[in-house]
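There are 4 protein chains.
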Amino acid sequence: MHNRDSMEVEMAHQQYSACVEACNRCAAACDHCATACLAERDPKPMAHCIALDMDCADICRLAVGYMSRGSVHANSVCQLCAEICDACADECSKHPMDHCRECADACRRCADECRRMPQQGSATAQASTSQRTH
Amino acid sequence: MHNRDSMEVEMAHQQYSACVEACNRCAAACDHCATACLAERDPKPMAHCIALDMDCADICRLAVGYMSRGSVHANSVCQLCAEICDACADECSKHPMDHCRECADACRRCADECRRMPQQGSATAQASTSQRTH
Amino acid sequence: MHNRDSMEVEMAHQQYSACVEACNRCAAACDHCATACLAERDPKPMAHCIALDMDCADICRLAVGYMSRGSVHANSVCQLCAEICDACADECSKHPMDHCRECADACRRCADECRRMPQQGSATAQASTSQRTH
Amino acid sequence: MHNRDSMEVEMAHQQYSACVEACNRCAAACDHCATACLAERDPKPMAHCIALDMDCADICRLAVGYMSRGSVHANSVCQLCAEICDACADECSKHPMDHCRECADACRRCADECRRMPQQGSATAQASTSQRTH
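Residue numbers (the numbering used here), protein chains in the order written: chain V, 647 to 780; chain F, 647 to 780; chain U, 647 to 780; chain R, 647 to 780.
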């Protein structure tokens with residue numbers, strides 16, 4: 647019982663590593679984009695971009711926490727994270743600046759990784775189920 | 647004026663990359679350690695470790711946000727982050743489990759990177775000062 | 647244009663106040679419950695409760711941020727927050743301790759407030775639409 | 647042993663309630679101020695205010711988490727929170743808009759509450775000490 651629990655925790659940790667990485671990169675790109683937008687000569691046209699950058703950075707970091715803890719709700723958070731990443735990527739794509747283009751790329755990669763997450767239940771729950779059936 | 651601002655933002659972004667990486671790894675190690683501690687047969691002796699893991703993961707992610715935004719308060723947050731990483735590393739070092747040893751290592755590396763941050767003012771403020779003097 | 651934007655921001659701010667309050671109370675109840683569970687003589691049966699407390703506290707605080715910023719994604723985050731509050735309330739309801747019963751109550755109230763949020767679009771978007779049609 | 651632990655957890659929870667309330671209000675005021683600044687006709691002069699609003703909202707919510715969990719590091723986080731609240735209040739005080747004045751007020755009240763926190767050790771540690779001496 648004790649060993650199986652530990653193994654499940656370890657499996658969840660491994661399974662999420664690509665998505666954790668993509669979320670961390672996306673959060674940093676969004677934070678950087680928000681600051682760079684505010685440093686533009688005229689930040690007014692960037693107001694919606696800045697707001698989405700904040701939203702996206704925050705949910706990316708939330709998703710990383712859920713994944714790193716092997717939460718049963720990690721997948722649901724990742725699906726919502728993907729939606730918000732898409733919205734941020736769409737907005738950033740409208741602007742020609744490097745920080746916006748890099749942010750759009752990071753958002754799209756993050757959305758892809760988030761959507762690739764197992765569709766229902768956590769890695770832990772699934773590992774547990776597959777072991778029980780053998 | 648506009649270009650210098652943008653360059654400063656870019657410089658801050660680069661300068662922090664090693665510390666951002668160390669904080670992200672530390673946060674994930676802490677989250678993983680907390681979950682693995684809870685999955686132990688008897689989590690009671692791990693209660694303080696779990697509490698410190700939560701504290702440490704949270705401030706590491708806060709520090710990453712401050713650094714990624716090039717905040718003038720990034721250094722102050724990093725100094726406090728280093729203290730909390732040390733406390734978490736000390737606690738984790740008392741336990742023989744792999745998740746605790748890996749967490750202790752990640753905490754110590756993160757504390758080192760956080761202490762290496764410029765002692766006063768933000769990277770942006772410093773870049774600005776050094777440019778003005780040339 | 648300037649005045650309307652400001653009014654919309656103010657309207658979103660007011661509209662969310664009951665839900666913001668419920669989320670803040672829920673997050674505090676969850677954090678308190680996690681700590682109190684860890685202080686129990688045998689925290690093992692509380693492991694799932696502690697994990698859900700962490701999940702719930704984190705998404706409640708995320709939701710508050712989205713609402714306070716009047717984000718276009720505030721409603722989506724609140725819907726997911728309601729689901730996670732329900733899961734935490736269900737788990738807490740299984741345990742007789744005061745901290746669990748108080749946490750279950752706070753989670754159910756928070757889920758109710760989150761579900762009462764406008765079903766599509768942000769308060770800002772809706773205020774803008776309703777003004778345009780008059 | 648079990649009862650004393652639970653009582654300590656409860657005492658920490660009560661002791662922090664005024665500061666938790668002030669931090670929650672401050673975070674909401676900062677988030678609202680950032681959004682309202684971005685909705686101004688010319689957000690350029692508000693760029694530093696927006697950046698400080700983000701910093702301040704984030705550390706206020708971190709502090710609430712530490713206090714609600716009765717963390718041994720709650721006081722250290724509150725002291726740093728007070729500094730950042732002061733910086734945000736100073737910047738907001740330079741601007742005549744209602745959202746800035748309300749934010750400055752919330753920041754100053756929050757800084758006051760954060761500084762009123764017990765100077766060393768956590769509420770839990772102190773409760774434990776005072777009980778041992780009687």
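We put the CB at the ideal spot given by N, CA and C, even for glycine.
Treat the numbers as computed from the prediction; the structure is a model and nothing was measured.
The beta carbon of glutamate 748/F is closer than 7 angstroms to those of Ala675 in its chain, skipping five residues each way along the sequence. Of all C-beta pairs linking the stretch 695-713 of chain F to the stretch 723-742 of chain F, three or more are shorter than 8 angstroms, placing the two stretches in contact. Judged by pairs of C-beta atoms under 8 angstroms, the stretch 657-666 of chain F touches the stretch 745-764 of chain F, as three or more such pairs exist. The stretch 731-740 of chain R and the stretch 732-744 of chain F do not touch, with fewer than three beta-carbon pairs separated by less than 8 angstroms.
DSSP places glycine 711/U inside the alpha helix (DSSP H), whose first and last residues are 693-714. Ranked by Cα distance from cysteine 665/R, the first of Leu708/R, Cys746/R, Cys734/R, Ala750/R is Leu708/R.
Not a single CB atom of chain F sits nearer than 8 angstroms to the CB of aspartate 736/R.
Short of 6 angstroms from the beta carbon of alanine 757/F, and not among the five residues preceding or following it, lie these beta carbons of its own chain, in chain order: Ala728, Cys731, Asp732. One alpha carbon belongs to methionine 700/V, the other to asparagine 670/F, and they sit about 18 angstroms apart. Between cysteine 679/V and cysteine 746/V, the CB-CB gap stays under 8 angstroms. Using a 10 angstroms sphere on the CB of proline 691/V, the tally of other CB atoms stays under 16, which defines it as exposed. Linking aspartate 704/U to cysteine 695/U through their CA atoms gives a straight-line distance of about 14 angstroms.
By the C-beta density criterion, arginine 754/F is buried, having at least 16 other C-beta atoms within 10 angstroms.
Collapsing the DSSP output to three states places alanine 757/R in a helix.
Residue Glu686/V holds the alpha-carbon nearest to the alpha-carbon of glutamate 656/F among Ala668/V, Met653/V, Glu656/V, Glu686/V. When CB distances to chain F are screened at a threshold of 7 angstroms, the residues of the stretch 692-718 of chain R falling below it are Ala697, Met700, Asp701, Asp704, Ile705, Leu708, Gly711, Tyr712, Arg715, Ser717, in chain order.
Per DSSP, the unbroken alpha helix (DSSP H) holding alanine 728/V starts and ends at 720-738. In the structure shown, aspartate 751/R falls within a helical segment according to DSSP collapsed to helix, strand and coil. Taking each of Ala720/R, Ala693/R, Leu698/R in turn and checking the Cα distance to leucine 698/F, the smallest one comes out for Ala720/R. The alpha carbon of alanine 750/F has as its nearest neighbour, out of Asp677/F, Val718/F, Glu654/F, the alpha carbon of Asp677/F. Note that the C-beta distance between proline 689/F and alanine 668/U is not below 8 angstroms. Interface with chain U (8 angstroms Cβ-Cβ cutoff): valine 723/V is included. Around lysine 690/V, the beta-carbon contacts reaching into chain R at under 7 angstroms are Asp688, Pro689. Histidine 745/R carries a helical assignment under DSSP once its states are collapsed to helix, strand and coil. Distance between leucine 684/U and cysteine 672/U, taken at the CA atoms: about 18 angstroms.
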